[in-house]
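In the numbering used here, the protein residues as written are 75 to 643. Glycine is no exception: its CB is placed at the ideal position from the N, C-alpha and C atoms. Keep in mind that this is a model prediction, so the values were computed, not measured. Inspection log for the structure reproduced underneath, given as structure tokens.
Shown next as structure tokens:
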């Protein structure tokens, strides 16, 4: 017995000493630098109470996904950091606290159910007595009928029994009324109980949703030389966050003024909620490869055509590899650009007055990237959903023009030519077109161009009418000798239905030939600027309100009369 007691005392001493040797603190996220595409650098700070006996400092509530090579920890000079270790920690669930009002209502319901049983028992007794009394009356009457006359004592007995029956029936009725009232009370209590349970469930669901079950934990092994409240700062890189640009292009059709609202769609799934966090959005992408590239030997090989290689392998009986096929497939693939124009986001807007956005955004331009430091506290949950962050807005100098290619599309498009777009630090991204506070559609901003102007499509302009027709009177087909010669004449009609002038860009095309037997000649270009390499005709003109403009162009195609031309019209 003494040995067991000694072991317990030693264990308690060790446990108490371990608690004195360890200090715990929760890391508060202070800043988050989010990189374009993916990646973020998180900065935490904390103050921990330490003593000279403290050997371990546990820092809780850091990200669940950390690049340990990037982990930086800053301690005061009174603390010597010996080692650091990262792990995941799942706290034990908290016990559910029962609502006292729920218990009170449940007790009332149980009590009233017991009363129902009591009254039902009384009703059953009265019904049994009522049945027995009725049988007694019937038996007495039957016995008396066998005699010549009913005596006075029998009549008195029958009257007594009838009074007893009436009393029992009244008692049954009263008890049934009481049971009805009790049932109504129970129904009301059940309704209250249901509402309370629903409220409790909603609270529990909200707590469950907002609660992060597992978080990161950093354990520091230290040597402390003073008793103090020590400030500790740490930072690290995580891939579980990122941002993409979103633009709102707001157009005033009356003044032709364009306002560009620069926003960011921020996503984070770091395992911790960002609460009142200062955000910095960087246009750079982290690249941990710092070595300069070097050349490897470049060996040339003779190219063997696919068909010849297959035949050669079959004749020689050699099993051909798929390397040539893969090479040819790669050569034939065309580059495609996916703009994700129809991608939608579930956004959580941060309510900031648009006119004051620029007052909170500080632009920092580095050698390789640009950073937007937003001096506002943001709350972003770790749920993988996109949160829309307003960065800034700019008044854009632009020239509005209408653009039409009636051969491909019978409607005109409104274009905005941005002249000072290099000053906005734009990144390729989707743009919401909003004209006169009405959502028009989506466009895509691609600033990766060397042109002086950046063209943005603002959608279809219904107020400019376009029509393209083949002029039959001026289109002929003639056959002479061994050749057929066809003449095509097209007329383009543009009408301005606006109340102001329109700068119009109109395009069409004529066919080209790289075959000797087919000759194409542009007979009439309709005073258009001609791109002979592409066979494209360009017209630029101004239309006054209500003005109609007509242009014509003609071309001829000469080819052998025994041949047919594909895609001639």
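Could you say which of the options lies nearest to residue i if we only look at CA atoms?
i: residue 121; options: 287, 305, 575; result: 305
i: residue 532; options: 143, 556, 504; result: 504
i: residue 258; options: 604, 201, 186, 350; result: 186
i: residue 472; options: 460, 494, 463; result: 494
i: residue 26; options: 626, 617, 262; result: Examination of residue 26 is not possible in this model, given that the chain is present from 75 through 643 alone.
i: residue 483; options: 573, 581, 576, 500; result: 581
i: residue 479; options: 540, 454, 184, 460; result: 540
i: residue 574; options: 615, 620, 593; result: 620
i: residue 104; options: 98, 97, 110, 117; result: 117
i: residue 202; options: 243, 341, 253; result: 243
i: residue 159; options: 595, 357, 132; result: 132
i: residue 641; options: 584, 606, 617, 628; result: 584
i: residue 550; options: 544, 543, 560; result: 560
i: residue 212; options: 466, 260, 356, 231; result: 231
i: residue 547; options: 450, 565, 554, 147; result: 565
i: residue 273; options: 110, 296, 173, 611; result: 173
i: residue 183; options: 240, 233, 265; result: 265
i: residue 296; options: 149, 235, 347, 250; result: 149
i: residue 485; options: 464, 248, 567; result: 567
i: residue 194; options: 246, 450, 226; result: 246
i: residue 268; options: 237, 310, 177; result: 177
i: residue 502; options: 474, 615, 111; result: 111
i: residue 623; options: 610, 600, 607, 606; result: 600
i: residue 208; options: 144, 291, 337, 239; result: 239
i: residue 527; options: 498, 545, 537; result: 498
i: residue 303; options: 99, 538, 598; result: 99
Could you give the first and the last residue of the continuous beta strand (DSSP E) run that contains residue i?
i: residue 613; result: 610-617
i: residue 522; result: Taken as a continuous stretch (DSSP letters only), residue 522 belongs to no beta strand (DSSP E), as it is neither H nor E.
i: residue 129; result: Here residue 129 belongs to no beta strand (DSSP E), and DSSP marks it neither H nor E.
i: residue 291; result: 289-298
i: residue 477; result: 472-478
i: residue 540; result: 528-544
i: residue 302; result: 302-312
i: residue 557; result: 557-570
i: residue 343; result: Taken as a continuous stretch (DSSP letters only), residue 343 belongs to no beta strand (DSSP E), as it is neither H nor E.
i: residue 109; result: 102-109
i: residue 583; result: 576-583
i: residue 629; result: 622-634
i: residue 603; result: 603-605
i: residue 554; result: 550-554
What three-state label does DSSP hand residue i in the structure shown?
i: residue 160; result: strand
i: residue 327; result: coil
i: residue 203; result: helix
i: residue 501; result: coil
i: residue 197; result: helix
i: residue 139; result: coil
i: residue 445; result: strand
i: residue 489; result: strand
i: residue 592; result: coil
i: residue 354; result: strand
i: residue 120; result: strand
i: residue 125; result: coil
i: residue 182; result: helix
i: residue 464; result: strand
i: residue 155; result: strand
i: residue 639; result: coil
i: residue 166; result: coil
With a threshold of 6 Å on Cβ separation, who are the neighbours of residue i within its own chain once the five nearest residues in sequence on each side are excluded?
i: residue 507; result: 323, 514, 515, 517, 532, 533
i: residue 165; result: none
i: residue 638; result: none
i: residue 552; result: 559
i: residue 308; result: 118, 147
i: residue 596; result: 584, 629
i: residue 300; result: 152
What does a CB cutoff of less than 7 Å around residue i pick up in its chain, not counting 5 residues either side in sequence?
i: residue 634; result: 556, 557, 591
i: residue 189; result: 256
i: residue 298; result: 124, 125, 126, 128, 152, 153
i: residue 107; result: 114, 115, 354, 356
i: residue 52; result: Missing from the structure shown is residue 52; the chain here goes from 75 to 643 and no further.
Say the cut is 6 Å; is the CB of residue i nearer than that to a heavy atom of the ligand COA?
i: residue 615; result: As far as ligands go, the structure on display features none, and thus does not contain the ligand COA.
For residue i, collect the residues of the same chain with a Cβ closer than 8 Å to its Cβ; drop the 5 residues on either side in sequence, then sort them by chain order.
i: residue 210; result: 235
i: residue 288; result: 138, 162, 163, 164, 345
Would you please verify whether the beta carbon of residue i is less than 7 Å from any beta carbon of chain B?
i: residue 538; result: No chain B appears in the structure shown, which is made up of a single protein chain.
query: Does the pairing of the stretch 306-317 with the stretch 127-140 give three or more beta-carbon distances under 8 Å?
result: Yes, the stretch 306-317 touches the stretch 127-140.
query: Taking three-plus beta-carbon pairs below 8 Å as touching, is the stretch 125-134 in contact with the stretch 329-344?
result: The stretch 125-134 vs the stretch 329-344: no contact.
message: With three or more C-beta pairs closer than 8 Å as the rule, is the stretch 344-357 touching the stretch 454-474?
response: Counting Cβ pairs under 8 Å, three or more are found: they touch.
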